[in-house]
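Engineer:
In my numbering, the protein residues as written are -15 to 262.
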């Protein structure tokens, strides 16, 4: 069985990532050419990034219902037609098969390949779901001067499989994944206020402090992403995470699926401000 460890997915950050990729199209073309294979945090500032779940058509309706029942971890911001690798609502020059820096290919609930291109895996019955990403609200947090340790260290945000159960739909059920950012109490309060404005990209935190209450035993061992330290004067703040579909796919065990590699997102042409309610 393939491990859910991210060890095989760790990649060196691109040397001049933030200055080299200032537009969504530049990021997508770099992914398409193979020039970009690392995390997309901080790239194309101001634009929405998205997670990915691709499933056969016969599962698409159930999965869409699952997302409807669980809008915090799975806010759908775009969806393809069956067999299509285009999502025009998110960008005209956009190819779901090539425009993420990294993908996971699944069979029967297990990861069978980590790759930078899924063209050879694409089928005419596949439906792609693009799910809102917390990187959208991170820009708003940083604009307010809130420090984000994973951004400062140029690593992926730590993500944990919790004991919080999603609302089931058909064959899809399972535990919610949450991303964690350490913040001092005053910053945690302000982060709640800011991210409440972005319900389409996970919204406000679901848990603050006491990680053991949501089944997280060791903050130094995330299930996805990279560990960051939590200082004595900080609280671990947890947001619903778009990696949740990967946890659910592992439990539902569909015959075939494709997801993004954690931290490796699709950069769309939609602006973050379009998803703010205030």
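Just so you know, even glycine gets a beta-carbon here, dropped at the ideal spot from N, CA and C.
1. Is the stretch 64 to 83 touching the stretch 167 to 179 in the sense that three or more CB pairs, one from each, lie closer than 8 angstroms?
2. Going by Cα to Cα distance, which pick from 107, 205, 126 and 122 is closest to residue 146?
3. Would the stretch 232 to 244 and the stretch 85 to 95 be scored as touching if the rule is three or more Cβ pairs under 8 angstroms?
4. Put residue 0 into one of helix, strand or coil per three-state DSSP.
5. In whole angstroms, give me the CA-to-CA distance for residue 180 and residue 113.
6. Taking the beta carbon of residue 17 as the centre, do at least 16 other beta carbons fall within 10 Å, making it buried, or is it exposed?
7. Which complete beta strand (DSSP E) runs does the stretch 145 to 203 hold, if anything under 3 residues is left out?
8. Suppose the cutoff is 6 angstroms on Cβ atoms and the five residues either side in sequence are ignored; what does the same chain contact list for residue -13 look like?
9. Please classify residue 111: is it buried, with 16 or more other beta-carbons within 10 angstroms of its beta-carbon, or exposed?
10. Report yes or no: do three or more beta-carbon pairs, one from the stretch 207 to 219 and one from the stretch 46 to 56, lie closer than 8 angstroms?
11. What do you get for residue 64, buried or exposed, if any count of 16 or more other CB atoms within 10 angstroms of its CB means buried?
12. When you compare the CB positions of residue 105 and residue 212, do they come within less than 7 angstroms of one another, or not?
13. Helix, strand or coil, according to DSSP, for residue -10 in the structure here?
14. Run the CB neighbour count on residue 103, radius 10 Å, all protein chains shown included, and call it buried at 16 or more, exposed below.
15. Using three-state DSSP, classify residue 89 as helix, strand or coil.
16. Quickly, what does DSSP pair residue 134 with across the bridge? List them, please.
17. For residue 200, I'd like the list of residues in its chain whose CB is within less than 7 angstroms of its CB, leaving aside the five on either flank, ordered along the chain.
18. For residue 154 and residue 7, I'd like the C-alpha separation in whole angstroms.
19. Going by CA-CA distance only, name the one from 250, 109 and 41 that's closest to residue 100.
20. Distance, Cα to Cα, residue 32 vs residue 252?
21. Can you say whether residue 122 is buried or exposed, counting buried as having 16 or more other CB atoms within 10 angstroms of its CB?
22. Under 7 angstroms Cβ to Cβ from residue 11, same chain only, skipping five residues before and after it: list those, please.
23. Leaving aside the five residues before and after residue 248 along the sequence, list all residues of the same chain whose C-beta is less than 7 angstroms from its C-beta, in chain order.
24. Within the continuous alpha helix (DSSP H) that includes residue 253, where are the two ends?
25. Between 95, 161 and 174, which lies nearest to residue 148 when the distance is taken from Cα to Cα?
26. Which value, in whole angstroms, describes the spacing of the CA atoms of residue 176 and residue 189?
27. Quick one: what's got a C-beta closer than 6 angstroms to residue 235's C-beta in the same chain, skipping five residues either side?
28. Using the Cβ count rule (16 or more neighbours within 10 Å means buried), how would you classify residue 237?
29. Would you check if the distance between the CB atom of residue 54 and the CB atom of residue 150 is smaller than 7 angstroms?
Structural biologist: The answer reads as follows:
1. Verdict: no, contact absent.
2. As a working note, residue 146 is residue 162 in the chain shown. For residue 146, the nearest C-alpha among the options comes from 205.
3. yes
4. Indexing the chain shown from 1 puts residue 0 at position 16. Low local confidence applies: a pLDDT of 47 at residue 0 is under 50, so the model's placement there is unreliable, with the coordinate-based value given in what follows. Here residue 0 sits in coil by DSSP.
5. Here residue 180 refers to the residue found at position 196 when the chain shown is read from its first residue. Here residue 113 refers to the residue found at position 129 when the chain shown is read from its first residue. So the two alpha carbons sit approximately 23 angstroms from each other.
6. For the purposes of this step, residue 17 is taken as residue 33 along the chain shown, with counting starting at 1. Residue 17 sits exposed, since fewer than 16 C-beta atoms from the chains shown fall within 10 Å of its C-beta.
7. 159 to 167
8. Residue mapping note: residue -13 aligns to position 3 of the chain shown, counting from 1. Residue placement at residue -13 is poorly supported in this model, since its pLDDT is 37, which falls under 50; the coordinates still yield a value, given next. Closer than 6 angstroms at the Cβ level, and outside the excluded window around residue -13, lies no residue.
9. Within the chain shown, residue 111 is the residue found at index 127, counting from 1. The residue in question, residue 111, is buried, as its Cβ has 16 or more Cβ neighbours within 10 Å.
10. no
11. If you number the chain shown from 1, residue 64 lands on position 80. Buried.
12. The residue given as residue 105 occupies position 121 in the chain shown. The residue given as residue 212 occupies position 228 in the chain shown. Residue 212 sits away from residue 105, with the two beta carbons spaced by 7 angstroms or more.
13. The count along the chain shown starts at 1 and reaches residue -10 at position 6. Legend: pLDDT at residue -10 = 36, less than 50; position of this residue unreliable, value from coordinates given subsequently. Coil, per DSSP.
14. Position 119 of the chain shown holds residue 103. Residue 103 is exposed by the Cβ-count criterion.
15. As a position in the chain shown, residue 89 is number 105, starting the count at 1. It is a strand residue.
16. Locating residue 134 in the chain shown gives position 150, where the first residue counts as 1. DSSP output for residue 134 lists no bridge partner at all.
17. The count along the chain shown starts at 1 and reaches residue 200 at position 216. Hits under 7 angstroms: 144 and 146.
18. Counting from 1 along the chain shown, the entry for residue 154 is found at position 170. Counting from 1 along the chain shown, the entry for residue 7 is found at position 23. Distance between the alpha carbons of residue 154 and residue 7 is about 39 angstroms.
19. Locating residue 100 in the chain shown gives position 116, counting from the first residue. Comparing Cα positions, the closest option is 250.
20. For the purposes of this step, residue 32 is taken as the residue at position 48 of the chain shown. For the purposes of this step, residue 252 is taken as the residue at position 268 of the chain shown. Whole-angstrom Cα-Cα distance: 6 angstroms.
21. Sequence index remark: in the chain shown, residue 122 carries index 138 (1-based). By the neighbour-count rule (16 or more Cβ atoms within 10 Å), residue 122 is buried.
22. Here the question's residue 11 lines up with position 27 in the chain shown. Result list for residue 11: 5, 20, 24, 27, 28 and 251, in chain order.
23. For the purposes of this step, residue 248 is taken as residue 264 along the chain shown, with counting starting at 1. Once the five neighbours on either side are set aside, the close Cβ partners of residue 248 are 23, 24, 84, 85 and 86.
24. Here residue 253 refers to the residue found at position 269 of the chain shown. Here residue 253 belongs to no alpha helix (DSSP H); instead the beta strand (DSSP E) covers 250 to 255.
25. By 1-based counting over the chain shown, the position of residue 148 is 164. Comparing Cα positions, the closest option is 161.
26. Against the chain shown, residue 176 aligns to sequence position 192. Against the chain shown, residue 189 aligns to sequence position 205. Between residue 176 and residue 189, the C-alpha separation is close to 6 angstroms.
27. Residue 235 sits at position 251 when you count from the first residue of the chain shown. Closer than 6 angstroms at Cβ, skipping near neighbours: 158.
28. Taking the chain shown and counting its residues from 1, one reaches residue 237 at position 253. Exposed, because fewer than 16 other Cβ atoms sit within 10 Å of the Cβ of residue 237.
29. As a working mapping, residue 54 is identified with position 70 in the chain shown. As a working mapping, residue 150 is identified with position 166 in the chain shown. Closer than 7 angstroms, so yes.
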